[in-house]
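Peer 1: One gets the working numbering by counting positions in the sequence shown from 1 and adding 4 to each. Sharing a structure, written as structure tokens. Questions coming.
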Amino acid sequence: MAAESQSMPEQLTKIEQNLGYSSSPGQSIIDRLQVLELKTYGNIGSGSIFERLNRLTEKQNLMKPPSAGLAQPDAAKQERLNKLLQSANLTRDLATANTYPTHFFRIEEANSKPSSEDYLDCVMAASKNRVFKFQTMPVPVYISAPPDPAYANSVVAAFADWDRRTDGMIKFTPVVQPNAARIRVTWGHLGTKSDKNDSTLGAHTVTKWTKKPSGRLSLLSVGAIPVPLYIPSPGPKYTVPPQVIEVNLDLVERNEPEARYLTLRNIVAHELGHAIGLLGHSPVKGDLMYPITDEHSRISQRDLNTVKRLYEKKATVPL
């Protein structure tokens with residue numbers, strides 16, 4: 005069968021087989037495509053999904069018979085893979101030259117019952133029992149031009165992760181003017197100095213709010229006698245300017261190409277968690293909102309449970 009007559013999942017499966025890689029059950033098409041691009045080119049491609057898939061298909065030359073064998077990774081790529089394994093502290097041998105190493109993901113155990121746990125108590129403690137949440141969806145977002153066009157793909161994927169994993173409860177829409185956005189993504193050089201936990205700042209979210217005057221005192225004449233009357237201010241008690249997520253390019257670009265784009269995607273997804281109201285952090289390493297984020301981080305069921313419970317509450321500080 006010609007590659008052009010195959011469905012997109014079939015083409016992806018054939019490329020995966022050609023590379024000796026098996027995708028995880030339930031993994032989305034875009035995730036599978038990005039993993040294959042990282043394996044083939046060392047970075048995530050640009051353009052539409054169809055263009056990217058066609059480029060991969062041509063690169064892998066799927067029309068060759070299986071006996072043609074797998075392409076041998078060059079020495080530079082093999083060295084990068086070796087460094088990546090060492091940085092992850094994996095205690096297994098490096099794969100042979102024509103075998104690609106497994107990508108490890110923090111996912112729920114197969115056929116396990118979804119967790120009902122959350123860490124809302126940590127969120128409320130960090131916010132001093134104030135509920136920060138968006139009142140309307142979708143949330144308008146603006147992404148500043150990155151130094152590497154492929155970085156924009158990672159940022160967009162981070163927004164899509166929250167939309168997909170919350171089944172649309174959290175939605176975002178891009179805007180072309182920064183002033184029209186409620187969340188802005190910017191780029192900066194924040195250094196690579198580590199803290200006491202040997203962690204480096206990957207990004208930070210700036211959230212400011214101002215408390216409005218609670219009301220005003222007026223005088224009401226009752227039988228020619230002035231009586232003081234307190235008139236409360238209408239609407240929310242707080243005003244919040246657009247939030248800013250500043251990505252630390254120094255940390256992102258310190259990563260090897262095989263991990264750089266996934267790390268950026270997960271760092272932005274973590275900061276989006278803060279931006280939508282998940283202040284503070286989870287104490288559990290398997291949650292996206294754990295203080296340390298890397299290329300293996302994912303939105304967990306506990307993350308979803310927490311944001312769902314938060315958005316069931318009445319907003320104290322509307323974002």
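Beta carbons: idealized from backbone N, C-alpha and C, even for Gly.
Please work out which residues of its chain come closer than 7 Å, Cβ to Cβ, to residue 172, disregarding the five sequence neighbours upstream and downstream, and give them in chain order.
Peer 2: Counting from one through the sequence shown, the residue named residue 172 turns up at place 168. Correct list: empty, nothing qualifies.
Peer 1: Does the region 39-52 come close enough to the region 147-156 that 3 or more CB-CB pairs lie under 8 Å?
Peer 2: yes
Peer 1: Please say whether residue 148 and residue 196 have beta carbons closer to each other than 7 Å?
Peer 2: Numbered from 1 along the sequence shown, position 192 holds the residue referred to as residue 196. Numbered from 1 along the sequence shown, position 144 holds the residue referred to as residue 148. Taking the C-beta atoms as reference points, residue 148 is found no nearer than 7 Å to residue 196.
Peer 1: Between which two residues does the alpha helix (DSSP H) containing residue 64 stretch?
Peer 2: By one-based count along the sequence shown, residue 64 stands at place 60. Its alpha helix (DSSP H) spans residues 53-64.
Peer 1: Quick check on DSSP: helix, strand or coil for residue 289?
Peer 2: Taking the sequence shown and counting its residues from 1, the one referred to as residue 289 is at position 285. Three-state DSSP puts residue 289 in coil, outside helix and strand.
Peer 1: I'd like to confirm the pairing. Which residues does DSSP put opposite residue 176 in its beta bridges?
Peer 2: Here residue 176 refers to the residue found at position 172 of the sequence shown. DSSP, once it has assigned bridges, lists 143 as partnering residue 176.
Peer 1: Taking buried to mean at least 16 other C-beta atoms within 10 Å of its own C-beta, is residue 278 buried or exposed?
Peer 2: As a working mapping, residue 278 is identified with position 274 in the sequence shown. Classification for residue 278: buried.
Peer 1: Which runs of the alpha helix (DSSP H), 4 residues or longer, sit entirely within the region 244-300?
Peer 2: 253-256 and 261-279
Peer 1: From residue 181 to residue 138, what distance separates their C-alpha atoms?
Peer 2: For the purposes of this step, residue 181 is taken as the residue at position 177 of the sequence shown. For the purposes of this step, residue 138 is taken as the residue at position 134 of the sequence shown. Each residue's CA atom was taken as its position, placing residue 181 and residue 138 some 20 Å apart.
Peer 1: In this structure, does DSSP put residue 190 in helix, strand or coil?
Peer 2: As a working mapping, residue 190 is identified with position 186 in the sequence shown. Three-state result, residue 190: strand.
Peer 1: Looking at C-beta atoms only, is the number of pairs between the region 119-136 and the region 284-292 that lie closer than 8 Å three or more?
Peer 2: With contact defined as three or more Cβ pairs closer than 8 Å, the region 119-136 and the region 284-292 are in contact.
Peer 1: Which first and last residues belong to the alpha helix (DSSP H) in which residue 310 is found?
Peer 2: Walking along the sequence shown from the start, residue 310 turns up at place 306. Taken as a continuous stretch (DSSP letters only), the alpha helix (DSSP H) holding residue 310 covers 305-315.
Peer 1: Mapping the DSSP letters down to three states, classify residue 322 as helix, strand or coil.
Peer 2: Walking along the sequence shown from the start, residue 322 turns up at place 318. If DSSP states are grouped into helix, strand and coil, residue 322 belongs with the strands.
Peer 1: For residue 163, name the three-state secondary structure that DSSP assigns.
Peer 2: Indexing the sequence shown from 1 puts residue 163 at position 159. Helix.
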